[in-house]
Amino acid sequence: MEKNGLLKRQLSKQGMRQVFTVTCGLIALCIAFGIINPLFFSQRNISNLLRQIAPIILIGIAQSFVLITGNIDLSIGSVVGVSTMMSATLMTKGMNPWLAAFFTLLVSLLFGLVNGYLVAGFKLPPFIATLGTMTIGRGIAQIVNNNYNTGAINTIEKTAEAVDRFRNFFYYGKFLGIYNGVWIALAVFIVFNFILNRTKSGRYLYALGSNPEAARLSGVNVLKTTTIAYLVSAFCSYLVGITQCCSAGMGAMDAGNSYEMYGVAASVMGGVSTLGGTGKLIGTVVGACIWSVLQNGLQFANAPVAIRNIVIGIIIIVAVLLDIIVRNRKPKLADSKKQ
Amino acid sequence: MEKNGLLKRQLSKQGMRQVFTVTCGLIALCIAFGIINPLFFSQRNISNLLRQIAPIILIGIAQSFVLITGNIDLSIGSVVGVSTMMSATLMTKGMNPWLAAFFTLLVSLLFGLVNGYLVAGFKLPPFIATLGTMTIGRGIAQIVNNNYNTGAINTIEKTAEAVDRFRNFFYYGKFLGIYNGVWIALAVFIVFNFILNRTKSGRYLYALGSNPEAARLSGVNVLKTTTIAYLVSAFCSYLVGITQCCSAGMGAMDAGNSYEMYGVAASVMGGVSTLGGTGKLIGTVVGACIWSVLQNGLQFANAPVAIRNIVIGIIIIVAVLLDIIVRNRKPKLADSKKQ
Amino acid sequence: KEDSGTKTWNVSLITMDSMDQHWVSCFEGAKDAAKELGVTVTFDSPDTKDDNKQIEKINNAVAAGKDGILLAANAQDAPVAALKEAQAAGVKIMYVDSPANFDTLRLFATDNREGGKKIGERLLQELKAQSVTSGKIGIIGVNKATESCNTREYGFRDAFEGQGYTLLETQYCDGDATRAKEIADNYIAQGCVAVYGSNEGSTVGAGNAAKEALAAGIKVIACGSDASDTNKQLIKDGALLCIMGQNPYQMGYKGVYAMVDLLNGKDLGGYQYVDTGVNVIELSNVAQF
Amino acid sequence: MQDYIVQMNQICKSFPGVKALENVSFDLKAGEVMALLGENGAGKSTLVKILSGVYTKDKGEITVFNELIHNMTQKIANEKGIAIIHQELNMCQHLTVAQNIFLGREPVKYGLIDNKRMNKDSRAILEKLGVSIDPETITGSLQVSKQQMVEIAKALSIDAKVLIMDEPTSALTSREIDELFNIIRNLKSSGCGIVYISHRLEELTNIADRVTIMRDGQFITSGSYKDFTMDQIIAHMVGREIKEKYPHVDCEVGEVVFEVKNINAGRMVRNVSFNIRKGELVGIAGLMGAGRTETTRAIFGADPKENGQIFLNGKEIKINNPKNAIAAGIVLAPENRKTDGLCIKLPVRENISLPNLDIISNKAGVVKLKNDYKMSEKAVQDINIKLPTVDVNAENLSGGNQQKVVVGKWLSGNSKMVMFDEPTRGIDVAAKVEIYHLMNKLKREGIGCLFVSSELPEIIGVADRIIVMCDGRITGELSRNEATQEKVLTLATRFENKISN
Ligand SMILES: Nc1ncnc2c1ncn2[C@@H]1O[C@H](COP(=O)(O)OP(=O)(O)OP(=O)(O)O)[C@@H](O)[C@H]1O
Ligand SMILES: Nc1ncnc2c1ncn2[C@@H]1O[C@H](COP(=O)(O)OP(=O)(O)OP(=O)(O)O)[C@@H](O)[C@H]1O
Ligand SMILES: [Mg+2]
Ligand SMILES: [Mg+2]
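Residue numbers (this note's numbering), protein chains in the order written: chain A, 2 to 340; chain B, 2 to 340; chain C, 35 to 323; chain D, -18 to 482.
Right, dumping it as structure tokens:
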């Protein structure tokens, strides 16, 4: 019962060690890319890279919240699509962008609500429930503008200026030299990290993922807690969708395709278990960084496409393997406990 | 301890009930499509439909084996891609198709081996391990023919005839009026169903998925058992890849994209739990049928693409919800125990 | 960018995705031109068709100090803002295959609508020749968001305007030849008299399905797009009536030449659309391609 | 003199932050029952896990059948005939009973599993154990006690020469325990050496030949069971004397705090009514499957109930789920720590505060970490949970200490009515006394207190009033003065058909 300060306590926790190893991996990766092409570290690329990481962080947070409760959200990519298409369609019809974003938010959150009820209320396996809403979501993204991608969102005179301001707010603008998207992702991270670590709801999310029955018997409202996780996921996906609408200046029906897997990748690389109950959002952020740095750095290294896939695959494996090797020194084959 | 015959016993077993409900759903679906368009039940479409179901059954069996052990295989689609591209490339270079298929088999099984070792040997989370091999696999599929889809596999004079026989064997030929692909899927189902239900290896797969620690303490070789599951998965994916090569008569680098999710859908609709330990292959077959019937039937109903996605999503959810409703009569919201 | 004559220019080719045969051929052309000119071309396409990923690739190319970008825009409006930023950073831009709503000096492309229409007209001619004057025609698309293929499809539909045929709801195969074949099988089971595929994979599927049906004595005509080896073989086999042949190699090749001219400070004049040509390839002329 | 079949010398084993074993020595002869005793966290399970190859030792020597084994693995242990029944249930829930019993050594005919023989053999083994379980039922659908019997059957089905039982009786009731003892005696006479770990010390008289006592990971003493008195054993275990094993406090009995009327919930809870007064501690006794657990769960809202009323301090309250119950101040420490009690992957601190977060967080729902630590550290002190820090994950505690966490998490709130289901299961003597003291304290404070127990001496020793259940109904009530083991057992076996006879 030492009183050695919170920091040490936090670091000693399971999960934080993996965050640490993976961060080392990330740094190594950056150095390697910097050596291959010094422009990797150019001011321009750093701010560029940060802006590319931002949506992956959001997607990662989305998936992490759900994974921590022991579930999974396959509808993330579709919600991104719905959010992009719906906001863009409304804007092309001349609606004020903020109003359009508000209506889109409501629809996006509906996905979270439905997912939560299907999984916790009706006890559907999360894979099926969210595979269903994923497919439905893609259909809705297609139907919104009558089976077409939208045109440019800033063509209506009346709202053109507002739309441009809106686009700057989410994507093109900078604050203190850093793109707004990065600030938004940062703010989302801080808020949700706080919720996860410091509030009752956060505790309930972990408890639910660790042992749903014990959580229920401890007075945790399973339906509410699960729904919160899916709502957070839908909210983050919504933000990514809006950002994509702003960045492209139009709505694409297949926006966000398979983003849910990027979310899983970022989360799991950062130490979130798909079995629930463990993981830190800061790990997810590091995982998201690795993912984006790989995409960016390999382009800088001029690697051919096929090689790129192979390198990404190897690094995904090695990033997590590293931690396991550090933990076990010699990982005994099939000897110690399965996680 | 009734002796009421095997059937009742089998039916009463967990999982079989879901198979039953889902089968009822499948029949209802077929009837509905038949009413919308009577051509759905035409001789031609039935044999056509059966051939379309076959690869989904194989993919479903692939994923089911892995899901039963409590893991997941995201590399299925990539192995399909590698298998198509590699066999096609070798054939365009004039290799005898059976020899080409044999070499391709070795490479495909290597994926299973690596997955098994990464997951059970090095204790990598299966999501990460197979996400890695999935990406690597796609890279390999691209690199095999130097970043090109292959040309037609039957252009080399020397082997043209052998290739055509090969293509007939896997795809175009019929036996007793039914396409060979269906027979192959049937054979694979019978063999692997037998293995799963009657052999030690099958038993260990369930035990591992049910409680890996208990299985290990009972002397189950976790590494071997996990690897078997991934090898089966790789083998089935390989077969699908070969079939695709035969059907298209060429190799496409992106063949099999996201098939792993079809496998999950077929498995889970048929009652296989993503948490491991439960599920019957026959359920997976029914799940695969639902999946393919939906694709086929909606085309016959001439439904626009957006509507189609929405309908598929709803039916995925309803198919499984049905079982839960039948089980609980009134599903109490968030009240009874989570599965 | 001083001593322009001796500088080794770095050009980035960003197409819609990195796996489609069409784009790989385009890159081949670009690579050959680059070799001749002594410059570097890298293939920086996203792994899948995704506007946002394409925008990121453009941003990365700018950050990586590329001198020029040859772009096949996934959507006309999506990359506009990124292209503005790129131009502001001194990067030269030209289009291959598909332009964006942003002014550049050159576009090397096929007229997809015209090409689709030509295929439709050829099919119509053949149907009439076989005295099939009505019936259902199935269309296999890639996905709803691929504009070049959709444009071809519109051209194809144009040709059948008011001709008494029923063009069915388009089915999408994501470019997957196997899925395309299943779709074509379903069309044929529904009694379609013809099937059209709007890209390589969907045409391969249509051709294979037609081949099988023809062998079983069912009359159906298949046609489509993209002159890949497999499709040419299917023409020779009598499975495909005709395909719309484009020239992606030329797009890449000419694109790099024009880009290097521009980088070397040569005056290119104003905007110019360079039609890289469409050919209707059929049994009679397939040997030439 | 008999030969030693197992000798362990100077065994050491550390876990991160814990020295679980320090130079422990242990030996076992053929045909004897060696009782391995010690407080929770003394290292008993760790020691037997090393012997059976589950853990690898850091230092020390293991000799089995006069053969020095350097690297004990499970495989070697199996070959040497060492079988172990683990403290925690370790079954594949989705497999049938027979499949579990024969897991890893299925009988094979023509290369296929011989299901018929497997089921037949399982049935024979289960019959020998005196339990009626269909070998073809899915294990997960059995009650915990039945699962425990399956686990025992599994170990017995290997003709073991060394049989280790790590608290086999903690989930059993008297009838099965008697059967188990018969079997142990049979095994003994056939030359099998048995290591027996238990916190139910009164059992030892029936079977133990020798005892080995450990404390804090160290070997304390060993010798013939006859040479020790129970008080000596306890003193060796806990390092001090325990004067009163079942402390009882007399309080003035006041008005009714808690009352349930005509609760029905499924087959196992039928028309249950009882009340609890201020200043009394009520115990529920009964045989396995009497419906005691179901009764507490139904009251707590863990399972749906068909009808019935619940009154707290005279006011009727509606309970539809555990959250309602907790909000009203009614709590339940459940029976099965692994499935219902603990979030194994979370720190002990978060487990303890989980149901009490309302108390230690502010209006906005932010948890005050300082209070969080204070609460869990107080609980750790109150019931003496042995752990390095409150931030270790619950899975790293010894079985008994996990049980203490389950009890502790329900004592940290401001409850008005506390129900314990088998609170002392797997807990050592000293800690049991702590828990009795805690229940007595609750009673003194006027908090309603109800506990379910399968240990008759305990329930007779500490309860003021005993409610006896059988087959889902309350069959009688005994006051502290009139309760005897016989009377309780008579009521506990009063099945319905017997009444009508
Ligand atoms: N896997 C583990 N990781 C970390 N610490 C452990 C682990 N297993 C046991 N310990 C620690 O080792 C010590 C001995 O535990 P052990 O389980 O052997 O106790 P025990 O004597 O069996 O107690 P009980 O009577 O409660 O079962 C305890 O302090 C426990 O916290
Ligand atoms: N079929 C079942 N499915 C799930 N849980 C069950 C099932 N049968 C029993 N249980 C649970 O297993 C636990 C152990 O039951 P146990 O043998 O202790 O019987 P009990 O009804 O609690 O009676 P007692 O407490 O008198 O022993 C209880 O929590 C019970 O609810
Ligand atoms: Mg123990
Ligand atoms: Mg009980």
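Even glycine gets a Cβ: it sits at the ideal position worked out from N, Cα and C.
| query | result |
| --- | --- |
| Beta carbon proximity, G278 (chain B) to chain D, threshold 7 angstroms | yes |
| Contacts around N256 (chain D), its chain only, beta-carbon distance under 7 angstroms, and the 5 residues preceding and following it disregarded | V237, F239 and E240 |
| E90 (chain C) - partner residues in DSSP beta bridges | Its beta-bridge partners do not exist; DSSP assigns none. |
| Cutoff 7 angstroms; reference V327 (chain B); Cβ partners in own chain excluding five residues on either side | T22 |
| Residues of its chain near I179 (chain B), where Cβ-Cβ distance is below 8 angstroms and the 5 sequence neighbours each way are ignored | S48 and L51 |
| Distance between G209 (chain C) and V75 (chain C) (C-alpha atoms, nearest Å) | 26 angstroms |
| Check your reading: residues with Cβ closer than 7 angstroms to ligand 5 heavy atoms | This structure lacks ligand 5; the ligands present are ligand 1, ligand 2, ligand 3 and ligand 4. |
| Touch test, the segment 118 to 135 of chain C against the segment 286 to 293 of chain C, Cβ-Cβ under 8 angstroms, three pairs minimum | yes |
| Own chain, CB closer than 8 angstroms to V277 (chain B), minus 5 neighbours either side, in chain order | A small correction: the amino acid at residue 277 (chain B) is Gly; Val does not occupy that position in the sequence shown. Within the same chain, G277 (chain B) has close Cβ partners L68, I69, T70, G71, N72, L209, G210 and S211. |
| CB contact flag (A186 (chain B), A55 (chain B), <7 angstroms) | yes |
| Delimiting residues of the beta strand (DSSP E) encompassing Q(-12) (chain D) | Y(-15) to F(-4) |
| Contact check, I129 (chain B) vs I311 (chain A), beta carbons under 7 angstroms | no |
| Under 9 angstroms (Cβ pairs) to chain C, residues found in the segment 49 to 69 of chain B | N49, L50, R52, Q53 and P56 |
| Counterpart residues of G239 (chain C) in DSSP-defined beta bridges | Bridge partners of G239 (chain C): none, in fact. |
| Cutoff 7 angstroms: A246 (chain D) Cβ touching any chain A Cβ | no |
| Nearest to I325 (chain D) (by Cα), restricted to the options D:N374, D:K304, D:R278 and D:V5 | D:N374 |
| Chain A contact for P336 (chain D) (CB, 7 angstroms cutoff) | yes |
| Contact list for the segment 242 to 261 of chain A against chain C, Cβ threshold 7 angstroms | Q245, S248, A249, G250, M251, A253, M254, D255, A256 and N258 |
| Inter-stretch contact (C-beta, 8 angstroms, three-pair minimum) for the segment 276 to 294 of chain B and the segment 168 to 181 of chain C | no |
| Span separating the alpha-carbon of T120 (chain D) from that of N317 (chain D) | 16 angstroms |
| Inter-residue spacing [alpha-carbon to alpha-carbon] between G19 (chain D) and L232 (chain B) | 47 angstroms |
| CB contact below 7 angstroms: M321 (chain D) versus chain A | Per the sequence shown, residue 321 (chain D) should be read as Asp rather than Met. For D321 (chain D), the answer is yes, since a Cβ of chain A falls inside 7 angstroms of its Cβ. |
| First and last residue of the uninterrupted beta strand (DSSP E) at I229 (chain B) | Not the beta strand (DSSP E): I229 (chain B) falls in the alpha helix (DSSP H), residues V223 to A249. |
| For ligand 1, residues whose Cβ lies under 5 angstroms from any non-hydrogen atom | D:F(-4), D:V(-1), D:A1, D:N21, D:G22, D:A23, D:G24, D:K25, D:S26, D:T27, D:N377, D:L378, D:S379, D:G380 and D:G381 |
| Any non-hydrogen atom of ligand 3 closer than 6 angstroms to Q68 (chain D) Cβ | yes |
| Test: C324 (chain D) CB closer than 7 angstroms to a CB of chain A | yes |
| Integer-rounded CB distance, given that Q280 (chain C) should sit under 8 angstroms from R140 (chain C) | With 8 angstroms as the limit, R140 (chain C) and Q280 (chain C) do not qualify as a contact, their Cβ atoms being about 17 angstroms apart. |
| Backbone secondary structure at M249 (chain D) - three-state DSSP | coil |
| Closer than 7 angstroms to chain A by CB, L282 (chain B) | no |
| Beta carbon proximity, Q224 (chain C) to chain B, threshold 7 angstroms | yes |
| C-beta neighbour in chain B for L316 (chain D), strict 7 angstroms | The sequence shown places Glu at residue 316 (chain D), rather than the Leu named in the question. Not an interface residue. |
| Proximity winner among D:L84, D:H418 and D:D445, relative to L262 (chain D) (alpha-carbon distances) | D:D445 |
| Alpha carbon of Y206 (chain C) to alpha carbon of T82 (chain C), nearest angstrom | 16 angstroms |
| T93 (chain B) and I141 (chain B) closer than 7 angstroms at C-beta | no |
| Where A253 (chain B) falls, given that 16 or more other Cβ within 10 Å makes a residue buried | buried |
| Residue-level contact to chain A via CB, A179 (chain C), 7 angstroms cutoff | yes |
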